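In my numbering, the protein residues as written are 43 to 560.
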């Protein structure tokens, strides 16, 4: 049996014939320090062999000076022993203790007196001499020191020898504390009682059943630890999803649940052609100014698009078509080739519509529902609610029968899934949708309507050059990702959500985003 089990059995054996035992006495009995005993008590209590109750009490302890006297003699008794039967003068007595009696040199007139350090021997002598008189060892008469009586014992040493019998509050305890030979300390200990699984002999509990125990049959005589299903596992150091990514994931799941497919959006640099011209946005539109858009310098121009598509877009801008007169201006091929950081994910939608139109010519099938969630870039002034880069969520439905009413129904269903039921639609103007609607929702915290998105039916002037048939409509809507995230996680300043001001601990501690539909 190893020492660990041996000590555990000793503790259980001491408890066998007692209702309770004191941990201090147990440690003394089995010959280990109390701190080591506590480790065995915790093991036995975890196995329900014992139960413990934490207690504390004040106890008298010898100081270093007290231990020195216990192993030698007190200062006053040493002085008593140095006094001869015929008596002795103070000067001669001090000489026996090596105290120099040379007179101090007088200070020269005008000099400042410096405080001289007290002789340690003189200090101990004075302390011992005072105690010797107080304890009745010596007396002084006409400058001579004599013993009160012969063969007196060392009273203080006698008190220290019976130290374990001295009780707190007794005259002896008060004397030792006053002489700084003892001090009071609070000690903590345990009252030990039998637990529900008490046994005089310790049986080790195994954490798991092993193959060896099964094969040997040893398992029949083994005890096994119960499984604590409420115990927390060890924290694993791993990556954490940013709040934006959590909300993005939730929105993606909602849109996929509504039958949408995600569009590829992994191209941040886009040509002005797909970002503006293909959307029937004029080249002199304010949004295409450097104050609103980031233009790239290397490479400055994009690759050429299909010539047929380019010419159709050019014609629609200059002279119009499908009932429109266009913008009546000279369209610039050079302007359309300028590379920019995309200002909206609708640039992805225009490419997807062109690709679908090519497929339609071959296979001739509709309808389709797509969505995208990704970064876009605008030359904004940074403040608490605006960044130069942010995420846009966009949904597109392509169908022969797609209508404004259907668009409103899809929008209501999406926002219902994220817990927003009160919606309002307001007519507005967009270059590439007609009719167009701003989307407003009721904000319960602000207690008012707030704009939460934009929507509309893509204009024929945009769809016709891309090859979408005249009998097919395309409805679309979009919103930002940052604002819903700020509302959900109660983030007041968008600048603390991305960039150098993000706190890693905040990312770790934020819960998963789960919107409850109502």
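Note that CB positions come from ideal geometry on N, CA and C, so glycine has one too.
Remember, predicted model here, so these are calculated numbers, not experimental data.
Residue 411 sits in a strand when the DSSP states are folded into three classes. As the crow flies, the alpha-carbon of residue 527 is around 15 Å from that of residue 483. With fewer than 16 neighbouring CB atoms inside 10 Å of its own CB, residue 48 falls in the exposed class.
According to the DSSP assignment, residue 249 belongs to no beta strand (DSSP E), since it is labelled neither H nor E. In the structure shown, the three-state DSSP call for residue 316 is helix. Of the other Cβ atoms in all chains shown, fewer than 16 fall within 10 Å of the Cβ of residue 252; this residue is therefore exposed.
By the CB criterion at 8 Å, residue 408 and residue 436 fall outside the cutoff. With contacts defined as CB atoms closer than 8 Å, residue 322 and residue 471 fail to qualify as a contacting pair. Your pair residue 57 and residue 92 checks out as a contact, with CB atoms roughly 7 Å apart and the cut at 8 Å. Assigned with DSSP and collapsed to three states, residue 183 falls in strand. Closest in C-alpha terms to residue 111, from the list 201, 177, 80, 102, comes 201. Residue pairing by DSSP places residue 500 opposite 475 in a beta bridge. In this structure residue 136 is buried. Its beta-carbon is surrounded by 16 or more other beta-carbon atoms within 10 angstroms.
In the assembly as shown, residue 172 is an exposed residue. Its beta-carbon has fewer than 16 other beta-carbons within 10 Å.
The DSSP assignment places complete beta strand (DSSP E) segments of no fewer than 3 residues inside the stretch 194 to 275 at 224 to 236, in order along the chain. Looking from the CA of residue 225, the closest CA among 271, 100, 182, 457 belongs to 100. For a cut-off of 8 Å, the C-beta gap from residue 118 to residue 179 is around 6 Å, short enough to register as a contact. Looking from the CA of residue 306, the closest CA among 394, 521, 440, 228 belongs to 394.
Scanning 83, 279, 76 for the CA closest to the CA of residue 50 turns up 83. DSSP assignment within the stretch 119 to 146 yields the following whole alpha helix (DSSP H) runs of 4 residues or more, N-terminal first: 132 to 138.
Residue burial annotation: residue 280 is exposed, with fewer than 16 other C-beta atoms found within 10 angstroms of its C-beta. DSSP, read as helix, strand or coil, puts residue 322 in coil.
The continuous beta strand (DSSP E) containing residue 441 extends over residues 431 to 441. Of the residues assessed, residue 182 falls on the exposed side of the cut-off, its CB having fewer than 16 other CB atoms within 10 angstroms. Straight-line measurement puts the Cα of residue 341 at about 27 Å from the Cα of residue 371.
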